[in-house]
Structures are given as structure tokens and as C-alpha cells.
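Colleague: Got a structure here, written out as C-alpha cells. Questions coming.
Number of protein chains: 2
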Amino acid sequence: MSQSAVSRCFKPGASISAKTRAKVEKAARQLGYQPNAIARGLITRRSNIVAVIISEPTNLNYPEVLSQLNRRLGERQVHILLFTLSRERDVNLALDQVWQYQVDGIIAAAQFTAEQIAACEDRGIPLVFYNRVYTQQGVSAVCCDHADGERQLIEGLLSNKRKNFVVMSGPADSAVSTARTKGAVTRLKQEKVNLMQVAGDYSYESAVECVHEVMSTKKFSPDAFVCANDTMAIGCIDTLRHDYGVAVPKDIAVVGFDGVGAAAWLSYDLTTVVQPVQRMVEAAVNMLLERVEDDSIPAETRLFAGQLRLGSSAQLEA
Amino acid sequence: MSQSAVSRCFKPGASISAKTRAKVEKAARQLGYQPNAIARGLITRRSNIVAVIISEPTNLNYPEVLSQLNRRLGERQVHILLFTLSRERDVNLALDQVWQYQVDGIIAAAQFTAEQIAACEDRGIPLVFYNRVYTQQGVSAVCCDHADGERQLIEGLLSNKRKNFVVMSGPADSAVSTARTKGAVTRLKQEKVNLMQVAGDYSYESAVECVHEVMSTKKFSPDAFVCANDTMAIGCIDTLRHDYGVAVPKDIAVVGFDGVGAAAWLSYDLTTVVQPVQRMVEAAVNMLLERVEDDSIPAETRLFAGQLRLGSSAQLEA
DNA sequence: CTGAAAGCGCTTACAG
DNA sequence: CTGAAAGCGCTTACAG
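The listed protein sequences derive, respectively, from chains A and B.
Using the working numbering, read the first sequence as starting at 1 and increasing by one per residue.
Using the working numbering, read the second sequence as starting at 1001 and increasing by one per residue.
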């Protein structure tokens, strides 16, 4: 048994006789032999590992994203080296590790600086952003159309005769929150309505505090809360009902964004925009692996429309 | 510059003069050089990668576990190769990949067969289970004491004069669900109370169906629901309130298990057992890495008590 | 303290 | 179709 013969046996399409193949396979079975993917990667310069960098692991949306990613990549025999960031600024720490592990590509749900993006390019590591868009050239991304989703929600609330809006944003360093908040505010500024902005951090608890802040403001009595994610919208509904006896949606309408599982729970039945996670993940994986195969493929940004979910937390027209 | 000099420069404690070190570091900075961890792993037989295998990614508990794991392992410069299983039986597929990637160890929140455990041992790959216990020798595990947690909940419900219990289990192939259900049922069988068992799958939707099933059963009118996880407990509360106008906890008490974020939401304020995730993860990481360093260290099972959270979904005594 | 050499487990032209 | 040889980028005795 030569080394080469064994190697060819595990390489699909290599020229090898049925006889040698049988011999190798038998021995492999007896010894429990599996080719060493690390050594293979060293010579082929393909590790079949992709780094997944996520900065908001607490976002309820992310387990689904991660498990979809694992499924889609797994189908193509690609593995995930996982990096969850506690703070957005830890990107550099993660990237240092990424270089060392010779990953084939990066899927990032985190904010990169221009230098960080350039560093990936310099090293020839394809990079696809998930739910971040960059205006600069040559950056691939899949993204849910946050601005348009917010626009749809606001249209509905407006034709519902809502006049006094609260827009609740997420963490200041979250690009997703910024996009959503900006989408909502931009549309609202075109109308003659009152607008108050408050800053949460995506968490239920932060929404509770924001609602207290709003409700203790004299001279402003809101009739609609527009929240940057579902978790905060849920926090709003609970606080309004339990602490202020407000009827939702009769007195105040509440809308969220994401389409997490809890949005459909009977206590909330949230009006929200559902991100097409499956399609987004599929697109991200395809775009990344295409560019791994062929580095001449140009960058591309794909924007997916979210789907309006009409719940009873805000009775919009269909 | 010899290869050896560069190598020593990146190895802490190696004998190298300040002068050469400076020269190497300067060059490294200019070229953006980082040692290739893959090649290093090939020769040192240490990849600094740990496989994390999770079979219930939909469990709301798991994002926190994963992000804690990442933090704890990251502190020790160890990385996570992630495997999420859609079905418990995919363990073999995951393990095949695990062998190829020469991981240093495995953390598994999934059910392994005796053969699968033996395969890890044969290959000398340390294995620590998370929230699974095995009675066989030589298996390391950290686990929340599910049975004792259930016992505490049941004691409380009993001293509350509850008489007609529903125990709702999770998926049949989940060891965690089995342990919890068995803990509850064992304790209940010691008392003169009525008991009905129903089978959910950990999801909110399955709890809704279970409640319908129970409430349409003539001759049985429950006054306590004991659910194998928080998500189902939440589904119970919602269904009881919205579909049957039941007062929780006055008419029917509901308890869960896990201590997920939503348990504290105002609409639920769940009585549940909180898993000490931080401590459990810390223990799992320590146990695994100890055994990576020194394979003579014997296996160990560590059982952590869960902490009772007294919410208003069941008014237990303190 | 430093460098030349061997070797980790693979793949891949190259000759036969 | 098959095997010997070179080489991927490292680390680590070994000599100097």
C-alpha cells in the first residue's frame, strides 16, 4: 500500500483500480482510519472551515441563524469555527485567531471597520456580511431590508390614524438597529405626527425602562411604539399592560422586527416583520462558497424583503 | 532569520535573545505574519480546537450556553468547531467529521451510544457531556440535578394542596426531559394525588396541544401543570388563560424548568428551576481541558443544584 | 542563544 | 493504474 494509493482512494474521481480501492477500504475499516483533514488542508490550502463571527449572541434570532448555517454548510462538508463577541470591538481579537486557522472564508454578523475588511481582502479570505450593508465597493452581504420593513409598519400605523409615535432603538453600535430606526424615523418625518425617540439595547429589560421613561413624560401621550426588535416590543406590551393598564392595541399599538418565535405567543401576537432567515442563510452560504471556489467572482449585495406579520398588537390593514 | 528562531519567538518561554526577538517581531508586523495554527497542530498534535455538539439548538437555553462556552474556551485560546444536530441520530455524522479535524476534545449536549463513547476513548479524545449523565464508568459530565429540581417544585405544589397533576414531558429522545419527568413522577407517586402524563416536544406549540388534550378529558380537572421546560410552561399559561379563561395560579399552577429569560417576563413570572449555566459551563471547560493536558486524570461527574425561582405562576412557600 | 535537519500526515506532478 | 519523491508550514531534539 503506497501512501499515494490511499490518498487517491479518498479523493473522488481519482484514477484507482477497483482492486486497490477494495484493499484500502478494508484496511481503513479495520484500523478506523480517517484522513487527517488538518494535514490535507495544509497542502491543498483548503481547510473546509469557515469562521462565523456573531456579535449579538443574545439576540433571539441567532440560534436559528446558526443552526441554519450549520445545516447549509454541513451539506457542503464545510465546518464552522465559531466566534461570539461580547463586545463589538472584539472583532480584532477574533480576526487574529481567524488568520491563524487558515479558514476558507468568513461569515460575519458583526460590524467591521474599513481596515478589518481590507485585511480580509489582503489575505484573500472571502467575506460575506450577514445583516450588515456597507456602501463601500467590493463587500458582499446579505441583508434584510430593514428600512423598507419599517416603512411598511409605519404606513400601516399611519393609515390607522396613529399620531404620537415612540421609536425605540437598540444598541448604538448595532448597524441593524441603526438601519431600522433610521427607516422608521425617515418615514415619520414626512408626516405631521409627534415623534419621541428612546434608546434601548435590544433587551426586554431595556424596553421596560424606556416605557417608564416615556410614560412619565408630561405632555406626550403615545399611541404607537415602534421597536427595533421583537424582544423590546414584547417588553413594551408587558410594561404598558401591567404597569399602566394600557390596552394594546386599542390605546397604544406596538410593533417589532425579526419574527422570533415568541412573537406568535398568544400573550403578544405581535405585528412585526419576519426576516426570511432560511433564504438569507442559503444566499450567504452560496455567495461565500462561490467566492471560495473562484476568487474572481465580484462582490454582491443581496437585499431580502421581510414579510409583514399582521398580529393583534397593532391592527393594521392587510 | 532561521525558521527555528521565528518559531521560538512565538513560543512563550523559549530561549531567544531580545535582539533576535525584536528583529522577528518587526518583520512579522511588516508582513502581517501570524503562525499557521494548522501546521503547528500537525506537529504538536494539539489543534486547540474543541468540538461542541448540540442536539437541541431550538432549546432557548442554548444560546447562553454557547456564548459562555465561547468565552471560557476563548480565554484559554481554544476554539469551537460547532456541530448542531437536527436529529439526535446525526451524532455519527458529526463524529466522522470530528475524527478528521483532530480536535483536542469534545463537549457534547447530545445523546451518545456506548459505541460512540467507546470510539472517543479509543481515539484518546477526552469527552465531557453537558446535561447528560451516564451510569457507565469513565464518562465525564456536568449536569444540573434535574430530579432534585423537580422534587423541589413538587414539594412546593404539594404543600400548596395541589391534588391533580399534569406532567408534560419533552421529546422522547431527550435525556434531559426523561430525567425531569421521571423526577417529578417518582415524587408524585409517593403521594395520594391524581396524575396525568402528556408528551410535548419542548416547543410552545406542543404545549398548546397538550393543554387542549388535557382540558378536553372528562373526569379530570387539573390544578397543576409540571412542564419539562420553561417554553412549554409558557405555552401552558397562555393556553389556559386565553383558551379556557383559567386563572393562573389560583385555579391552576404552572411550573417549568431552565430559567430562560422569558421566564421573568411580566406576563409569565414563572416558577421554575434556574440552571446555573455559568458554573456548569465553567466546570465543563475545566474538566475537559484538564483531561486534554493530562489523560491520566479520571473521569468525573459533577451535579449542580438548580436554584428555585419563586414566580407568581405557582405560589409556593419560600 | 542559534541554525540545519528531520518529521507531522497529507497531495500531487512525474515517471514508469 | 501505481509508487517514489517533494513539499505544505510548522516544532523540536541535536550540535555547535
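Note that CB positions come from ideal geometry on N, CA and C, so glycine has one too.
1) For TRP99 of chain A and LEU93 of chain A, what's the separation of their Cα atoms in angstroms?
2) ALA1022 of chain B: which of B:ALA1184, B:GLN1077, B:ASN1036 and B:MET1001 sits nearest, CA to CA?
3) By how many angstroms is the C-alpha of LEU1303 of chain B removed from the C-alpha of SER1296 of chain B?
4) Between the alpha carbons of VAL1260 of chain B and ASP122 of chain A, how many angstroms are there, rounded?
5) Any idea what DSSP makes of THR84 of chain A, helix, strand or coil?
6) Compare the C-alpha of VAL211 of chain A against each of A:VAL193, A:LYS219, A:LEU188 and A:MET232 and name the closest.
7) If ASN1229 of chain B and ASP1251 of chain B are in contact, beta carbons under 8 Å, what's the gap, nearest whole angstrom?
8) So, are the CB atoms of ILE1117 of chain B and GLN1136 of chain B less than 9 Å apart?
9) In the stretch 248-278 of chain A, which residues sit with their C-beta less than 9 Å from some C-beta in chain B, listed in chain order?
10) Considering GLN1152 of chain B, what are the terminal residues of the alpha helix (DSSP H) in which it resides?
11) Taking Cβ to Cβ, would you say ARG279 of chain A is nearer than 9 Å to THR1084 of chain B?
12) Quick one: using the 10 Å Cβ neighbour count with 16 as the cut-off for buried, is GLU56 of chain A buried or exposed?
13) Check the DSSP bridge columns for THR301 of chain A and list the partner residues they point to.
14) Under 9 Å between beta-carbons, which chain A residues line up against TYR1244 of chain B? List them in chain order, please.
15) Whose C-beta lies closer than 7 Å to the C-beta of MET215 of chain A among residues of the same chain, with five residues either side of it excluded?
16) Are the Cβ atoms of ASP1104 of chain B and ILE1125 of chain B separated by less than 9 Å?
17) For the alpha helix (DSSP H) containing TYR1244 of chain B, list its first residue and its last residue.
18) Assign ILE1043 of chain B to one of two classes, buried (16 or more other C-beta atoms within 10 Å of its C-beta) or exposed (fewer than that).
19) Verify the CB distance criterion: does HIS1079 of chain B have a CB-CB separation below 9 Å to chain A?
20) Under 9 Å, do VAL1208 of chain B and GLY1235 of chain B count as touching if we go by C-beta distance?
21) Below 8 Å, can you find three or more Cβ-Cβ pairs linking the stretch 1009-1029 of chain B to the stretch 268-286 of chain A?
22) Which two residues bound the contiguous alpha helix (DSSP H) that contains GLN307 of chain A?
23) In terms of residues, what are the limits of the alpha helix (DSSP H) holding THR1178 of chain B?
24) With DSSP run on the structure shown, which of helix, strand or coil describes ASP1096 of chain B?
25) Which word fits SER67 of chain A, buried or exposed, when buried means at least 16 other C-beta atoms lie within 10 angstroms of its C-beta?
26) Taking its Cβ as the centre, do 16 or more other Cβ atoms sit within 10 Å of ARG87 of chain A, making it buried, or is it exposed?
27) Rounded to whole angstroms, what is the Cα-Cα separation between ALA175 of chain A and GLN111 of chain A?
28) Where LEU1308 of chain B and PRO1249 of chain B are concerned, what is the direct C-alpha to C-alpha distance, given to the nearest angstrom?
29) Report the partner residues of CYS227 of chain A according to the DSSP bridge assignment.
30) Let me confirm a value: PRO1063 of chain B is counted as buried when at least 16 other C-beta atoms fall within 10 Å, else exposed. Which label applies?
31) Could you tell me which of B:THR1301, B:ASN1061, B:SER1007 and B:ARG1291 sits nearest to PRO1276 of chain B, measuring between CA atoms?
32) Run down chain A in chain order and give the residues with a C-beta less than 7 Å from the C-beta of ALA1037 of chain B.
33) Spatial neighbours of GLU1150 of chain B within its chain, please: C-beta separation below 6 Å, excluding the five flanking residues on both sides.
34) In terms of residue numbering, what span does the alpha helix (DSSP H) encompassing GLY74 of chain A cover?
35) Within 10 angstroms of its Cβ, does ALA305 of chain A collect 16 or more other Cβ (buried), or is it exposed?
36) VAL52 of chain A and LEU69 of chain A: beta carbons closer than 9 Å?
Modeller: In short, the structure shows the following:
1) Start at 1 with the first residue of the first sequence, and residue 99 of chain A comes out as number 99. Start at 1 with the first residue of the first sequence, and residue 93 of chain A comes out as number 93. C-alpha separation (whole angstroms): 10 Å.
2) Counting from one through the second sequence, the residue named residue 1022 of chain B turns up at place 22. It is B:MET1001.
3) Locating residue 1296 of chain B in the second sequence gives position 296, where the first residue counts as 1. Locating residue 1303 of chain B in the second sequence gives position 303, where the first residue counts as 1. SER1296 of chain B and LEU1303 of chain B: Cα-Cα distance of roughly 22 Å.
4) Position 260 of the second sequence holds residue 1260 of chain B. Position 122 of the first sequence holds residue 122 of chain A. Using only the alpha carbons, I get a separation of about 42 Å.
5) Indexing the first sequence from 1 puts residue 84 of chain A at position 84. THR84 of chain A: strand per DSSP, three-state reduction.
6) Reading the first sequence from its first residue, position 211 is the one you call residue 211 of chain A. Minimum Cα distance to VAL211 of chain A is reached at A:MET232.
7) In the second sequence, residue 1229 of chain B corresponds to position 229, counting from 1. In the second sequence, residue 1251 of chain B corresponds to position 251, counting from 1. For ASN1229 of chain B against ASP1251 of chain B, the beta-carbon gap comes to about 22 Å, at or over 8 Å, which does not count as contact.
8) Here residue 1117 of chain B refers to the residue found at position 117 when the second sequence is read from its first residue. Here residue 1136 of chain B refers to the residue found at position 136 when the second sequence is read from its first residue. Yes; because the gap between Cβ atoms is below 9 Å, this pair is in contact.
9) Taking a C-beta cut-off of 9 Å against chain B, the contacting residues of the stretch 248-278 of chain A are GLY261, ALA262, ALA264, TRP265, LEU266, SER267 and TYR268, listed in chain order.
10) On the second sequence, position 152 is the one that residue 1152 of chain B refers to. GLN1152 of chain B: member of the alpha helix (DSSP H) spanning 1146-1159, first to last residue.
11) Here residue 279 of chain A is taken as the residue at index 279 of the first sequence, counted from 1. Here residue 1084 of chain B is taken as the residue at index 84 of the second sequence, counted from 1. Not in contact: ARG279 of chain A and THR1084 of chain B (Cβ atoms no closer than 9 Å).
12) Residue 56 of chain A sits at position 56 when you count from the first residue of the first sequence. GLU56 of chain A comes out buried.
13) Your numbering for residue 301 of chain A matches position 301 in the first sequence. Secondary-structure assignment with DSSP links THR301 of chain A through a beta bridge to A:ALA141.
14) By 1-based counting over the second sequence, the position of residue 1244 of chain B is 244. TYR1244 of chain B does not reach chain A, its nearest Cβ partner there being about 12 Å away, counting only Cβ pairs nearer than 9 Å.
15) Stepping through the first sequence from its first residue, residue 215 of chain A is reached at position 215. For MET215 of chain A, where only same-chain residues beyond five positions count, the Cβ hits under 7 Å are TYR244.
16) Against the second sequence, residue 1104 of chain B aligns to sequence position 104. Against the second sequence, residue 1125 of chain B aligns to sequence position 125. Their beta carbons are under 9 Å apart, which means ASP1104 of chain B touches ILE1125 of chain B by this criterion.
17) On the second sequence, position 244 is the one that residue 1244 of chain B refers to. Where TYR1244 of chain B is concerned, the enclosing alpha helix (DSSP H) starts and stops at 1230-1244.
18) Residue 1043 of chain B sits at position 43 when you count from the first residue of the second sequence. The residue in question, ILE1043 of chain B, is exposed, as its Cβ has fewer than 16 Cβ neighbours within 10 Å.
19) In the second sequence, residue 1079 of chain B corresponds to position 79, counting from 1. Answer yes: the Cβ-Cβ gap between HIS1079 of chain B and chain A drops below 9 Å somewhere.
20) Here residue 1208 of chain B is taken as the residue at index 208 of the second sequence, counted from 1. Here residue 1235 of chain B is taken as the residue at index 235 of the second sequence, counted from 1. With respect to the 9 Å criterion, VAL1208 of chain B and GLY1235 of chain B are classified as neighbours on the basis of their beta carbons.
21) Flag = no, the stretch 1009-1029 of chain B and the stretch 268-286 of chain A do not touch.
22) Residue numbering aside, residue 307 of chain A sits at position 307 when the first sequence is read from its first letter. Run containing GLN307 of chain A: none in the alpha helix (DSSP H); it sits in the beta strand (DSSP E), 307-309.
23) Reading the second sequence from its first residue, position 178 is the one you call residue 1178 of chain B. For THR1178 of chain B, the enclosing alpha helix (DSSP H) starts and ends at 1175-1188.
24) In the second sequence, residue 1096 of chain B corresponds to position 96, counting from 1. Here ASP1096 of chain B sits in helix by DSSP.
25) Numbered from its first residue, the first sequence carries residue 67 of chain A at position 67. With 16 or more other Cβ atoms from the protein chains shown falling within 10 Å of its own Cβ, SER67 of chain A counts as buried.
26) As a working mapping, residue 87 of chain A is identified with position 87 in the first sequence. By the neighbour-count rule (16 or more Cβ atoms within 10 Å), ARG87 of chain A is not buried but exposed.
27) Counting from 1 along the first sequence, the entry for residue 175 of chain A is found at position 175. Counting from 1 along the first sequence, the entry for residue 111 of chain A is found at position 111. Looking at the two C-alpha atoms, the distance is approximately 7 Å.
28) To locate residue 1308 of chain B, count along the second sequence from 1; it is residue 308. To locate residue 1249 of chain B, count along the second sequence from 1; it is residue 249. The alpha-carbon of LEU1308 of chain B is positioned some 17 Å away from that of PRO1249 of chain B.
29) Start at 1 with the first residue of the first sequence, and residue 227 of chain A comes out as number 227. Its beta-bridge partners are A:MET168.
30) What you label residue 1063 of chain B is simply residue 63 of the second sequence in a count that begins at 1. With 16 or more Cβ atoms within 10 Å of its Cβ, PRO1063 of chain B is classed as buried.
31) The residue labelled residue 1276 of chain B in the question sits at position 276 within the second sequence. The residue from B:THR1301, B:ASN1061, B:SER1007 and B:ARG1291 with its alpha-carbon nearest to that of PRO1276 of chain B is B:ASN1061.
32) Position 37 of the second sequence, counted from the first residue, corresponds to residue 1037 of chain B. Scanning chain A for C-beta atoms nearer than 7 Å to the C-beta of ALA1037 of chain B yields GLN100 and TYR101, reported in chain order.
33) Within the second sequence, the letter at position 150 stands for residue 1150 of chain B. So the list reads ARG1180, GLY1183 and ALA1184, once near-sequence residues are dropped.
34) On the first sequence, residue 74 of chain A is found 74 positions in, with the first residue counted as 1. Where GLY74 of chain A is concerned, the enclosing alpha helix (DSSP H) stretches over 62-75.
35) Counting from 1 along the first sequence, the entry for residue 305 of chain A is found at position 305. It is exposed - the Cβ of ALA305 of chain A has fewer than 16 other Cβ atoms within 10 Å.
36) Here residue 52 of chain A is taken as the residue at index 52 of the first sequence, counted from 1. Here residue 69 of chain A is taken as the residue at index 69 of the first sequence, counted from 1. Yes, Cβ-Cβ distance for VAL52 of chain A and LEU69 of chain A is below 9 Å.
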